[in-house]
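Protein chains in written order, with my numbering: chain R, 897 to 1009; chain W, 73 to 187. All residues carry an ideal CB built from backbone N, CA and C; glycine is no exception. Since the structure is predicted, the reported quantities are computational estimates derived from the model, not experimental observations.
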């Protein structure tokens, strides 16, 4: 089955700096890669996603890049703000009819004011 | 609020008791997923439904777990004879079927504590 590795597990940045979180996946047939933000006591919130036919996608301060050859994808947050502090999860869609997601272990991002 | 809802939000039970959780998906979504999340880990897939049909189950879903979606709308997840290892956050997500509907939207989860 699919295996997703995520690094780093914790990341501390100063407000205004950029943050980068990286993930690798094992199944070359995976074709959809979402990123979720999870705040304490809440469910994961979809913040951005990318499909395998695209190399990069941007939405305001958030961008995701995908390298299919190397089987890795990254989340970039620019101009970080304290409200960006949360746990971020990457995921990959297992290539079957069910669209089940395999998640990475998460990155706790702390943005210091 | 038109998002995914889950009830109860918290459940504390004694080992050996049965518990049932409910998930109401986004109204037009025909796919519904259950995931389990333990502390400090990412969610792990348990099972999913397309309409009322349960199409896939993970190996994590032991015989003590059963899920239903009788009318293709809300779903229930029951755990029989709970064990301390069942303590986790149980998350429900929903999506549309097909290539256009791969986005999964999660509910707030039900946190289960087994004493």
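Considering only C-alpha positions, which residue in the set W:185, W:170, W:140 is nearest to residue 154 of chain W?
Numbered from its first residue, the second chain carries residue 154 of chain W at position 82. The shortest Cα separation from residue 154 of chain W among W:185, W:170, W:140 belongs to W:185.
To the nearest whole angstrom, what separates the beta carbons of residue 907 of chain R and residue 1005 of chain R, a pair I think is in contact under 8 Å?
In the first chain, the residue the question calls residue 907 of chain R occupies position 11. In the first chain, the residue the question calls residue 1005 of chain R occupies position 109. Yes, they are in contact, since the Cβ atoms of residue 907 of chain R and residue 1005 of chain R sit about 5 Å apart, within 8 Å.
Below 7 Å on C-beta distance, what does residue 114 of chain W contact in chain R?
On the second chain, residue 114 of chain W is found 42 positions in, with the first residue counted as 1. Ordered by position in chain R, the residues that pass the 7 Å Cβ test against residue 114 of chain W are 985, 999, 1000, 1001, 1002.
Check whether the Cβ atoms of residue 130 of chain W and residue 116 of chain W lie closer than 9 Å to each other.
Here residue 130 of chain W corresponds to residue number 58 of the second chain, with the count starting at 1. Here residue 116 of chain W corresponds to residue number 44 of the second chain, with the count starting at 1. Going by C-beta atoms, residue 130 of chain W is nearer than 9 Å to residue 116 of chain W.
Less than 9 Å separating the beta-carbons of residue 113 of chain W and residue 182 of chain W?
As a working note, residue 113 of chain W is residue 41 in the second chain. As a working note, residue 182 of chain W is residue 110 in the second chain. No; because the gap between Cβ atoms is not below 9 Å, this pair is not in contact.
Using only the alpha-carbon positions, how far apart do residue 161 of chain W and residue 108 of chain W sit?
For the purposes of this step, residue 161 of chain W is taken as the residue at position 89 of the second chain. For the purposes of this step, residue 108 of chain W is taken as the residue at position 36 of the second chain. Inter-residue distance for residue 161 of chain W and residue 108 of chain W is about 6 Å (C-alpha atoms, whole angstroms).
By alpha-carbon positions, which one of R:903, R:977, R:902, R:969 ends up nearest to residue 926 of chain R?
Counting from 1 along the first chain, the entry for residue 926 of chain R is found at position 30. Put simply, of R:903, R:977, R:902, R:969 the residue whose alpha carbon is nearest the alpha carbon of residue 926 of chain R is R:969.
With 9 Å as the threshold, decide whether the Cβ of residue 900 of chain R is near any Cβ in chain W.
Counted from its first residue, the first chain places residue 900 of chain R at position 4. So yes, residue 900 of chain R belongs to the interface.
In whole angstroms, give me the CA-to-CA distance for residue 958 of chain R and residue 904 of chain R.
Here residue 958 of chain R corresponds to residue number 62 of the first chain, with the count starting at 1. Here residue 904 of chain R corresponds to residue number 8 of the first chain, with the count starting at 1. Taking the straight line joining both Cα atoms gives about 18 Å.
Name the DSSP bridge partner or partners of residue 941 of chain R?
As a working note, residue 941 of chain R is residue 45 in the first chain. Bridge partners of residue 941 of chain R: R:933.
If you follow the beta strand (DSSP E) that residue 168 of chain W is part of, which residue opens it and which one closes it?
Residue 168 of chain W sits at position 96 when you count from the first residue of the second chain. Taken as a continuous stretch (DSSP letters only), residue 168 of chain W belongs to no beta strand (DSSP E), as it is neither H nor E.
Return the CA-CA distance between residue 1002 of chain R and residue 942 of chain R, expressed in angstroms with no decimal places.
Within the first chain, numbered from 1, the residue matching residue 1002 of chain R stands at position 106. Within the first chain, numbered from 1, the residue matching residue 942 of chain R stands at position 46. One C-alpha to the other measures close to 14 Å.
What residues of chain R sit near residue 167 of chain W, judged by a beta carbon separation below 9 Å?
Locating residue 167 of chain W in the second chain gives position 95, counting from the first residue. Residues of chain R passing the Cβ test: 995.
Under 9 Å, do residue 145 of chain W and residue 103 of chain W count as touching if we go by C-beta distance?
Against the second chain, residue 145 of chain W aligns to sequence position 73. Against the second chain, residue 103 of chain W aligns to sequence position 31. Contact flag unset, no.
Does the beta carbon of residue 938 of chain R sit closer than 9 Å to a beta carbon anywhere in chain W?
Along the first chain, one-based indexing puts residue 938 of chain R at 42. Judged by the 9 Å Cβ criterion, residue 938 of chain R is in contact with chain W.
What did DSSP end up calling residue 135 of chain W once you bin it into helix, strand or coil?
Residue mapping note: residue 135 of chain W aligns to position 63 of the second chain, counting from 1. Three-state DSSP puts residue 135 of chain W in coil, outside helix and strand.
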